[in-house]
Amino acid sequence: MLDKIRKIERIFNQLEKESVKFGKQSGLRCLTNCDICCRKKGLEANVLEFLPFAYYLVKNDLHDAALDLLDSNPEHCINLAKTQAPGQTAGCSVYEHRGLICRLFGFSGVRDKNARLAVYTCSLMKNEFAAEYKQTMERINSDLDIPVVSDYYYQIYYIDPQLANDYNPINVSIRKAIEKVAYYYEHKPVRKSGTKPKPAIEKEL
Ligand code: SF4
Ligand code: SF4
């Protein structure tokens with residue numbers, strides 16, 4: 206389990222570097238305090254991309270509180286649940302542990318049927334940074350590197366195809382990831398000679 210989580214985190218770290226570089230070179234950026242894409246109705250994710258987040262919760266004994274929050278059926282992603290009052294836009298509360306879709310949207314590219322790249326982003330960014338967007342659409346097909354959505358999904362797919370194909374509304378995937386990680390560590394004791402079994406998570410930290 207930890208091996209899979211570390212592999213996903215390595216991919217996320219690589220993506221972070223690429224997307225930060227792309228943001229700087231393209232001049233594209235999110236609007237201040239915007240979290241509209243996190244509030245999109247029907248936002249979906251797969252279970253695999255939330256394993257690192259689930260591990261963070263289990264490691265810090267925060268998973269029961271997260272499950273309680275999920276039980277309250279928040280309208281949007283659980284990580285915005287505390288800030289869903291109208292007008293409050295504090296953004297993602299677990300930015301470091303967010304999923305792959307959260308990392309890609311806005312700062313990545315998708316290919317069309319002719320293999321031409323287009324920026325995978327929102328209409329707000331397109332309108333606010335119209336000149337940068339127009340120029341970036343040309344440059345990503347010539348001299349500007351951009352993280353490509355399908356490349357990153359392929360990379361995580363090979364870590365665990367079953368969990369990578371398990372797509373659900375985002376809170377359902379978060380719940381499944383938490384349950385999976387919590388169950389794994391609750392049922393995998395590590396026995397050291399002459400000592401009581403310890404939860405595997407203590408050994409792996
Ligand atoms: S990608 Fe667009 S909608 Fe999402 S936070 Fe950035 S500016 Fe807002
Ligand atoms: S995990 Fe964070 S970035 Fe992703 S949808 Fe939820 S609040 Fe938004």
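Adding 205 to a residue's 1-based position in the sequence shown gives its number in our numbering.
All residues carry an ideal CB built from backbone N, CA and C; glycine is no exception.
Once the 5 residues before and after F310 are set aside, which same chain residues still bring their CB inside 6 Å of it? In the sequence shown, residue 310 corresponds to position 105, counting from 1. C242, listed in sequence order.
Please classify A250: does DSSP put it in a helix, a strand, or coil? Looking up residue 250 in the sequence shown gives position 45. Residue state, collapsed to three classes: strand.
Near K212, which residues of its chain fall below 7 Å by C-beta distance, leaving aside the five closest residues on each side in sequence? As a working note, residue 212 is residue 7 in the sequence shown. Taking K212 as the centre and dropping the five residues before and after it, the same chain places the C-beta of I364 closer than 7 Å to its C-beta, in chain order.
When the Cα of Y372 is compared with those of E333, G296 and F255, which residue comes out closest? The residue given as residue 372 occupies position 167 in the sequence shown. Nearest to Y372 by alpha-carbon distance, out of E333, G296 and F255, is F255.
For N370, the residue or residues it bridges with in DSSP: Taking the sequence shown and counting its residues from 1, one reaches residue 370 at position 165. For N370, which the question treats as bridged, DSSP gives no partner whatsoever.
Between R244, E384, F258 and L349, which lies nearest to K226 when the distance is taken from Cα to Cα? Within the sequence shown, the letter at position 21 stands for residue 226. Looking only at R244, E384, F258 and L349, the smallest Cα-Cα distance to K226 is reached by L349.
Close beta carbons around I375, own chain, < 7 Å, minus the five adjacent residues each side: For the purposes of this step, residue 375 is identified with residue 170 of the sequence shown, where counting begins at 1. Contacts found: L248, E249, A250 and C282.
Check whether the Cβ of T341 sits closer than 8 Å to any heavy atom of ligand 1, and report yes or no. If you number the sequence shown from 1, residue 341 lands on position 136. No - ligand 1 has no heavy atom lying nearer than 8 Å to the Cβ of T341.
Look at the Cβ atom of R234, then the Cβ atom of M342, and state whether they are nearer than 9 Å. Residue numbering aside, residue 234 sits at position 29 when the sequence shown is read from its first letter. Residue numbering aside, residue 342 sits at position 137 when the sequence shown is read from its first letter. Cβ atoms of R234 and M342: not closer than 9 Å.
Between the C-alpha atoms of S328 and H392, what's the straight-line distance to the nearest angstrom? Your numbering for residue 328 matches position 123 in the sequence shown. Your numbering for residue 392 matches position 187 in the sequence shown. Pairing S328 with H392, the inter-Cα distance amounts to about 46 Å.
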